[in-house]
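Chains as they are written, first to last, in this note's numbering: chain L, 1 to 287; chain R, 288 to 379.
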């Protein structure tokens, strides 16, 4: 799947005549993306940031940034939001998840923005377990299971996560709108080849626990969790949603799924990493 | 419509199903909601797809479950009513 990207002159976002058919919100309740239909495709509006018009037949994405947007932030929006939606529309299963590799097997951490996906990926990388992606985890069928496709060698971390986890000398970082963009480096290794997926952990809302809590996720709950954390461009495309439902059912049949809670203190992250690795080795059979 | 043991159910056209780990997952494309049926519920759904009445479902299930006929009929009727209430199935 390939799309041509065109960027037009920056402009303030004018009100659109149509109503969005879908919208995403952050954990704080702010609208992060609005989905509109337009002739021949869709328009994705990131309020205050940019519009992306998708022309399906021409396989073109036309980006119109807001005046203050810088190129790197646009690239983040494209690679972390728009492209996963396009890949999902093309039939790929793409999860709101980060991915890391442990002993040649992939582990995914699923959750909404702000739940800790990227921080966990950085903590694993910091401990020597390379990351595959900080979001938009792509699952490719690889009989008998699935494998994770590497994406960008970049982690986007909240400033406090970046300060706690990144050695600035080892991995260059840049301040972006509300996260810091950290490039893979000696201290944050990147896994640049696909690896088989052996486990998915759904990050639950933090309970204030003092130690990692991991529980098996029953198949029905796992399927529901995966469906609700998937990049779907057109939620009203019933055939596509049904196909995704079946695809994610296959994932749940073949990949161990758990729910994970852990202490949200940076000092505890090395212990959290060890606990998850121990859990993977003890409880997960990687085919 | 009051369900009886003579009632038959038909799955709503908006529902797609998938067996996941022994449970049957139902996705209602109209509402975007998901439902999980345990193995017994899955058998009842399958029986509905086989066009059995609720009473005939009980006949099919009875030999394999250690439960009184009265309890089985109550359970089957209760699940059928839930499926209808959730618009996952309709009586015909």
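Every residue gets a Cβ at the ideal spot worked out from N, C-alpha and C, and that includes glycine.
Quiz prompt | Selected residue, minimal CA-CA separation from residue 252 (chain L), among L:223, L:210 and L:135 | solution = Position 252 of the first chain, counted from the first residue, corresponds to residue 252 (chain L). When C-alpha distances from residue 252 (chain L) are compared across L:223, L:210 and L:135, the shortest belongs to L:223.
Quiz item: Going along the region 84 to 99 of chain L in order, which residues come within less than 7 Å of chain R, judged by CB to CB distance?
Solution: Look at the region 84 to 99 of chain L: it has no residue with a C-beta under 7 Å from a C-beta of chain R.
Quiz item: Under the rule that 16 or more other beta-carbon atoms within 10 Å means buried, what is residue 140 (chain L), buried or exposed?
Solution: For the purposes of this step, residue 140 (chain L) is identified with residue 140 of the first chain, where counting begins at 1. Answer is exposed; the Cβ neighbour count stays below 16.
Self-check item: For residue 288 (chain R), three-class secondary structure by DSSP
Solution: Position 1 of the second chain holds residue 288 (chain R). Here residue 288 (chain R) sits in coil by DSSP.
Quiz prompt | Own chain residues within Cβ distance below 7 Å of residue 66 (chain L), not counting five before or after | solution = What you label residue 66 (chain L) is simply residue 66 of the first chain in a count that begins at 1. Hits under 7 Å: 10, 12, 13, 48, 49 and 50.
Quiz prompt | Alpha carbon of residue 304 (chain R) to alpha carbon of residue 132 (chain L), nearest angstrom | solution = Indexing the second chain from 1 puts residue 304 (chain R) at position 17. Indexing the first chain from 1 puts residue 132 (chain L) at position 132. Approximately 32 Å, taken between the alpha carbons.
Quiz item: In chain B, what lies closer than 8 Å to residue 316 (chain R) by C-beta?
Solution: Looking at the structure shown, chain B is missing, and the protein chains on hand are L and R.
Quiz item: Using DSSP with H/G/I as helix, E/B as strand and the rest coil, what is residue 312 (chain R)?
Solution: What you label residue 312 (chain R) is simply residue 25 of the second chain in a count that begins at 1. Note: residue 312 (chain R) maps to strand in three-state DSSP.
Quiz item: Going by beta carbon distance, what residues of the same chain come within less than 7 Å of residue 102 (chain L), once the five residues before and after it are set aside?
Solution: Position 102 of the first chain, counted from the first residue, corresponds to residue 102 (chain L). Excluding sequence neighbours, residue 102 (chain L) sits near 129, 277 and 280.
Quiz item: Which two residues bound the contiguous alpha helix (DSSP H) that contains residue 61 (chain L)?
Solution: Start at 1 with the first residue of the first chain, and residue 61 (chain L) comes out as number 61. If you look at residue 61 (chain L), you'll find it isn't in any alpha helix (DSSP H); it sits in the beta strand (DSSP E) that goes 60 to 65.
Quiz item: Any idea what DSSP makes of residue 295 (chain L), helix, strand or coil?
Solution: There is simply no residue 295 (chain L) to check, as chain L begins at 1 and stops at 287 in what is shown.
Quiz item: Tell me, which residues are paired with residue 129 (chain L) by DSSP?
Solution: For this step, residue 129 (chain L) is matched to residue 129 along the first chain. Per DSSP, none; premise fails for residue 129 (chain L).
Self-check item: residue 261 (chain L), DSSP secondary structure in three states
Solution: Walking along the first chain from the start, residue 261 (chain L) turns up at place 261. Correct three-state label for residue 261 (chain L): strand.
Quiz item: For residue 199 (chain L), which of L:246, L:265, L:283 and L:69 has the nearest alpha-carbon?
Solution: Sequence index remark: in the first chain, residue 199 (chain L) carries index 199 (1-based). Taking each of L:246, L:265, L:283 and L:69 in turn and checking the Cα distance to residue 199 (chain L), the smallest one comes out for L:283.
Self-check item: Separation of residue 351 (chain R) from residue 295 (chain R), as counted between CA atoms
Solution: In the second chain, the residue the question calls residue 295 (chain R) occupies position 8. In the second chain, the residue the question calls residue 351 (chain R) occupies position 64. Distance between residue 295 (chain R) and residue 351 (chain R), taken at the CA atoms: about 21 Å.
Quiz item: Going by Cα to Cα distance, which pick from L:107, L:85 and L:203 is closest to residue 212 (chain L)?
Solution: Walking along the first chain from the start, residue 212 (chain L) turns up at place 212. Ranking the options by Cα distance to residue 212 (chain L), first place goes to L:203.
Quiz prompt | Min CB distance residue 305 (chain R) to chain L below 8 Å | solution = Taking the second chain and counting its residues from 1, the one referred to as residue 305 (chain R) is at position 18. Any Cβ of chain L closer than 8 Å to the Cβ of residue 305 (chain R) would place that residue at the interface, and such an atom is present.
Quiz item: Cβ atoms of residue 122 (chain L) and residue 157 (chain L): under 8 Å apart, would you say?
Solution: Here residue 157 (chain L) is taken as the residue at index 157 of the first chain, counted from 1. Here residue 122 (chain L) is taken as the residue at index 122 of the first chain, counted from 1. The Cβ-Cβ distance between residue 157 (chain L) and residue 122 (chain L) falls below 8 Å.
Quiz prompt | residue 71 (chain L) versus residue 64 (chain L): straight-line alpha-carbon distance, rounded | solution = One-based indexing of the first chain puts residue 71 (chain L) at position 71. One-based indexing of the first chain puts residue 64 (chain L) at position 64. For residue 71 (chain L) and residue 64 (chain L), the distance between alpha carbons rounds to 11 Å.
Practice problem: Give me the Cβ distance between residue 195 (chain L) and residue 104 (chain L), rounded to the nearest whole Å; I'm assuming they're in contact under 8 Å. | Solution: As a first step, residue 195 (chain L) is located in the first chain; it is residue number 195 there, counting from the start. As a first step, residue 104 (chain L) is located in the first chain; it is residue number 104 there, counting from the start. So it is a contact: roughly 6 Å between Cβ atoms.
Quiz item: Can the beta-carbon of residue 97 (chain L) be found closer than 8 Å to that of residue 229 (chain L)?
Solution: Taking the first chain and counting its residues from 1, one reaches residue 97 (chain L) at position 97. Taking the first chain and counting its residues from 1, one reaches residue 229 (chain L) at position 229. The answer is yes: Cβ separation under 8 Å.
Exercise. Along the alpha helix (DSSP H) that carries residue 345 (chain R), what are the first and last residues, could you check?
Key: Looking up residue 345 (chain R) in the second chain gives position 58. Here the alpha helix (DSSP H) through residue 345 (chain R) covers 341 to 348.
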